[in-house]
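Heads up: the sequence lines are chains A and B, in that order. In terms of this note's numbering, the first sequence is residues 3 to 495. In terms of this note's numbering, the second sequence is residues 6 to 381. Data first, discussion second: the structure below is written as structure tokens.
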Amino acid sequence: MTQGLFDAFYLPPDVERQAETSVQRFGPPHDAIELRLATVTPASIDTWVEAIRSARAERLARRPAAEIHRVLERVAQRFLDPQSPVRRNAIAWLARSGRFSTPMIERALTDTFGPLSAGGVSRWVASELGSAAALDRPTPDRKGIPRQAFGPEWMLQIYAGNVPGLPVWPFYSALAMKSALFAKASSQEPVLPPLLARTIAEEDQDLGACIAVAWWKGGTIELDRAAVRRAPAVLAFGGENSTTSIARETRPEAKVVIHGSKVSVAYVSRASLTRAGLGSLAARSAFDVALYDQQGCLSPHAFYVERGGDVGPAAFASALGGALESLRDGLPRREPEASQAARVQLYRAQAHFEEATGSRGTQVLASSEGTDWTLVYEDGARFEPTPSYRTVRVHAVDGVEEVEAALAPAARFIEAIGLEAKGRERTALAAALAAMGVPRIAPLGALQSPSLVGTHGGVHRLLPFLRWTTVETGPRSAGHRRDRPKGKARRSR
Amino acid sequence: MTARAREMEADLVRFISGAGWEEARARGAEAAFSDLAIRTFRIQCDAIPEYGAYARHVGRWPGRSGDWREIPPVPSSAFKDHGLSAAPAPPAVTFETSGTTITRPGRVQLQSTRLYETSLLKSFARHILPDGARLKIIIFGPTRAESPRSSLWFMADRVAARFCDAPSWIVEHGEPRWERADAELTRSHDERVPVLLLGTTLLLHAYVERCDRKGHRFALPPGSRAMDTGGAKGARVELRRDDMAASVQRVLGIPPTHFVNEYGMAEMGSQFYEDTLLAGHERRPARSGFVIPPWVRTRVLDPETMLDLPEGRPGLLVHYDLANLDVPLAIQTEDVGAVAGNRLTLEGRLPEAERRGCSLPFEQFLERERGPDVPR
């Protein structure tokens with residue numbers, strides 16, 4: 003199904019004809035694929051941006067948003083349909099590019115495209131904008147004031163390669179708000195963005211004319227600069243070094259959202275530690291750890307488990323170990339590179355060292371073979387990210403205050419907390435954890451399935467990039483400040 | 006130091022001093038190596054309680070006829086929280102480790118630096134000064150007084166005192182004084198006195214880059230040479246060895262044959278050098294990789310199974326260093342490399358910035374907690 007050469011870029015047909023390309027090998031030496039890449043220079047970036055900008059003005063800006071959203075929903079359906087060549091091709095190339103196992107890739111495509119199909123894009127846009135029509139004309143908002151939303155002329159998006167579906171929602175967000183899109187794929191995952199662009203272009207040439215996908219080596223300053231300096235909107239994922247230099251180069255008026263590096267953790271209340279529920283709880287926890295081999299910002303690195311339940315934290319730890327062991331076959335991991343496995347081994351050896359010498363009751367549980375999973379159990383809360391690839395800590399704690407104290411210095415690095423608790427207890431715990439400023443609190447087992455209509459890193463997916471025009475109808479316009487009687491403003495206390 | 010440890014130290018110093026570099030001779034000394042390693046291990050199990058506890062915990066408590074491979078390596082990260090040292094307080098020196106990617110910096114405390122110095126001087130003389138030259142040394146780093154916890158600047162200090170003339174230091178109060186380097190190099194050129202440059206790859210790189218920007222060029226006299234260490238760890242850009250060697254030649258006039266890379270860590274008393282300069286001296290082609298000193302053994306393990314890999318296959322590195330007496334001699338690293346004969350090749354790490362994407366790499370987390378790296 004897949005031959006050796008993959009076109010790891012996408013340009014609108016007119017531009018593509020003039021682009022120079024070169025071929026690079028990608029992946030492990032014994033099983034490398036060849037990537038055909040467009041040669042990127044500051045001048046070519048200018049040309050491509052100009053092409054997608056003018057295509058957007060002619061073919062996208064005045065098109066009804068609902069029509070665009072329907073196209074995007076049909077594309078999502080093609081990535082979901084098990085019989086569709088688009089899905090099969092994507093799975094085959096993603097598997098060959100080597101980061102994740104096939105079951106993991108299938109899961110990623112289903113989870114990512116599922117919410118975007120069957121009316122999903124319009125529901126998403128409506129949830130953030132009030133209605134999709136607000137992208138076409140001034141449309142009364144909830145207070146009855148007509149407002150129109152304008153997406154940026156074009157958007158620069160810079161992806162990370164840690165989770166296979168990561169580029170999809172951002173990709174859709176640009177087109178859904180009628181913006182042209184210039185996307186820089188990650189060197190770790192050069193497959194999905196060009197495939198998505200090509201499928202959209204097949205479905206709708208006009209949309210396809212507004213997309214460019216390129217790749218260049220991260221940190222190539224002249225190229226980063228050429229792209230970032232012109233961009234009216236930037237959405238970037240990545241480590242601190244790359245995102246800091248991006249932030250420095252943006253235009254002052256540009257709308258910029260940067261998602262830096264984060265991890266997640268989990269909290270399990272004593273009331274939810276029951277004998278009957280332990281199996282399911284452990285299975286859901288293991289799933290959150292195992293999915294995407296713990297590479298995502300939503301992957302939990304530590305479980306804080308309350309003492310005093312029907313089953314104790316140690317029993318939870320051993321149940322979690324059992325569940326991770328069964329996922330070795332259930333949701334297989336891709337073997338990590340030697341350097342990653344070496345870190346896991348060092349981490350394990352260190353944990354064994356603590357087991358032998360420490361005072362925190364450390365216990366190490368690990369896969370029967372290889373580095374497939376590692377669990378370090380200890381008394382008391384602390385926070386330190388693990389080397390991933392299914393390496394997790396379980397901490398026995400007395401209560402949420404202990405966890406708050408341990409997480410406080412690192413709170414800004416935490417994207418989500420998986421919370422296992424019910425009823426009033428859940429409400430109280432969620433309030434305590436939310437007070438730390440962690441953007442998302444979700445049930446265990448669903449930690450890695452964020453809502454499309456929710457936020458990422460605590461910010462919405464469309465709103466930060468929109469500019470609004472409000473059509474005011476005069477001093478009597480309902481709900482408007484100027485309705486209030488003149489004179490001293492009343493103080494309310 | 007107990008009488009037993011003092012005797013051990015003397016035996017180890019004797020072995021290191023007398024060790025032959027030829028591969029065949031080193032192999033011939035296998036039994037002696039194993040014997041010394043096992044004796045050292047036993048002493049360390051008693052003198053370093055945490056290490057003894059760890060050895061028992063992992064079930065490695067060799068009997069009399071043990072093999073050195075049975076000695077359990079201590080994870081390099083264990084220097085962080087644990088007093089992994091036989092030195093009584095206060096120790097003669099304390100080196101700070103740069104920390105592994107999974108832990109904060111740790112401490113290596115030595116009661117005596119005799120073994121350390123024996124090993125470092127012998128290796129340095131062979132790989133950097135095989136012609137016996139006595140050179141003026143320019144250290145791209147701080148003085149030992151300014152950076153007392155760095156094993157690298159301790160080494161520079163010892164080398165300068167023992168083998169070199171008129172040392173000068175380029176880093177002062179944490180700041181590089183590039184003009185000082187300019188002046189020293191100009192003098193070396195004008196007076197036709199060859200020099201030895203010693204420093205971290207990053208500092209040397211920063212200097213040659215600055216010279217490139219300013220258009221400075223120094224045609225240093227023949228015999229001048231440079232030793233760098235540390236690689237591109239912490240660099241914002243990937244440094245290719247070839248490019249670095251080319252810049253050193255272009256800017257300083259030091260040919261690649263006189264530019265030697267060293268690999269070492271604070272947890273080990275011994276270092277590994279490339280043999281470029283030595284090969285030139287011996288009029289033979291240089292061999293790739295670093296030379297493993299005859300008093301060190303490096304095992305390469307499959308990082309999944311932790312079993313020994315066949316020669317030449319890359320894997321996780323575990324070092325057994327007879328220059329380590331006050332701290333465990335067997336160290337498990339997170340470095341990946343391959344060994345063939347007495348050659349060690351390190352596998353470069355991929356730059357992390359892009360690969361981890363939105364997931365927090367713990368190096369970054371730790372870097373924020375501890376501030377910039379102390380070199381070794």
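Beta carbons are placed, not taken as given, at the ideal position from N, Cα and C, and that holds for glycine. As the structure is a prediction and not an experimental result, all values here were calculated from the model.
By Cβ distance below 7 angstroms, which residues in the same chain neighbour residue i in space, the five residues on each side in sequence not counted?
i	result
Arg241 of chain B	Reliability of the predicted coordinates at Arg241 of chain B is poor, the pLDDT of 48 falling under 50, and the value obtained from them is presented with this limitation in mind. Contacts found: none.
Tyr121 of chain B	Leu115, Gly274, Ala328
Leu89 of chain B	Ile53, Glu55, Tyr56, Val79, Ala83, Val332, Pro333
Leu355 of chain B	With a pLDDT of 40 at Leu355 of chain B, under the threshold of 50, the predicted position of this residue should be treated as unreliable, though the coordinate-derived value follows. None.
Leu13 of chain A	Ala21, Ala40, Trp50, Ala214
Val291 of chain A	Ser301, Pro302, Leu326, Arg392, Val394
Arg27 of chain A	Ala34, Glu36
Arg277 of chain A	Asp312, Val313
For chain B, is any of its Cβ atoms less than 8 angstroms away from the one on residue i?
i	result
Ser341 of chain A	yes
His397 of chain A	no
His462 of chain A	no
Gln347 of chain A	yes
Ala344 of chain A	yes
Ala10 of chain A	no
Strictly below 7 angstroms CB to CB, what residues from chain B border residue i?
i	result
Thr359 of chain A	Glu55, Ala58, Tyr59, His87
Ala351 of chain A	Pro80, Gln337
Can you name, in chain order, every residue of its own chain whose Cβ lies under 6 angstroms from the Cβ of residue i, other than the five neighbours on each side?
i	result
Val440 of chain A	Ile416, Ile419
Ala383 of chain A	Tyr306, His397, Val399, Glu404, Val405, Ala408
Arg125 of chain A	none
Val176 of chain B	Gly146, Pro147
Please check if any C-beta of chain A sits within less than 8 angstroms of the C-beta of residue i.
i	result
Ala83 of chain B	yes
Met432 of chain B	A query on residue 432 of chain B cannot be resolved here, the shown segment of chain B reaching from 6 to 381 and no further.
Glu339 of chain B	yes
Leu321 of chain B	yes
Closer than 8 angstroms by beta-carbon distance: list the chain A residues that pair up with residue i, in chain order.
i	result
Val344 of chain B	In chain order: nothing, as chain A lies at least about 14 angstroms away.
Which residues of chain B have a Cβ atom closer than 8 angstroms to the Cβ of residue i, listed in chain order?
i	result
Thr496 of chain A	Residue 496 of chain A lies beyond the stretch modelled for chain A, which goes from 3 to 495, so this question has no answer here.
Phe467 of chain A	Result: empty, since nearest Cβ-Cβ is about 19 angstroms, beyond 8 angstroms.
Residues bridged to residue i by DSSP?
i	result
Ile160 of chain A	A:Lys186, A:Ala238
Arg304 of chain B	B:Val323
Leu349 of chain B	B:Phe295, B:Val344
Glu101 of chain B	B:Arg112
Ala418 of chain A	A:Ser266, A:Arg442
Glu177 of chain B	B:Glu180
His261 of chain A	A:Phe239
Glu380 of chain A	A:His397
Cys30 of chain B	The identity of residue 30 of chain B in the sequence shown is Arg, whereas the question assumes Cys. For Arg30 of chain B, which the question treats as bridged, DSSP gives no partner whatsoever.
Ile143 of chain B	B:Ser173, B:Leu202
Asn329 of chain B	BP columns for Asn329 of chain B are empty, so no partner.
Ala368 of chain A	A:Thr376
Run through chain A and tell me which residues come within less than 9 angstroms of residue i, C-beta to C-beta.
i	result
Leu351 of chain B	Chain A residues near Leu351 of chain B: none, gap ~11 angstroms exceeds 9 angstroms.
Would you say residue i lies against chain C (beta-carbon separation less than 8 angstroms)?
i	result
Pro80 of chain B	Looking for chain C here will not work: the only protein chains present are A and B.
Note down, in chain order, every chain B residue with its Cβ under 9 angstroms from the Cβ of residue i.
i	result
His354 of chain A	Tyr59, His62, Val63, Pro80
By Cβ distance, which residues of its chain are closer than 8 angstroms to residue i, with the 5 residues on each side in sequence left out?
i	result
Gly285 of chain B	Thr262, His263, Ala291
Thr23 of chain A	Phe11, Arg38, Leu39, Ala40, Thr41
Against chain A, which members of the region 35 to 62 of chain B pass a CB distance test of less than 7 angstroms?
Glu55, Ala58, Tyr59, His62
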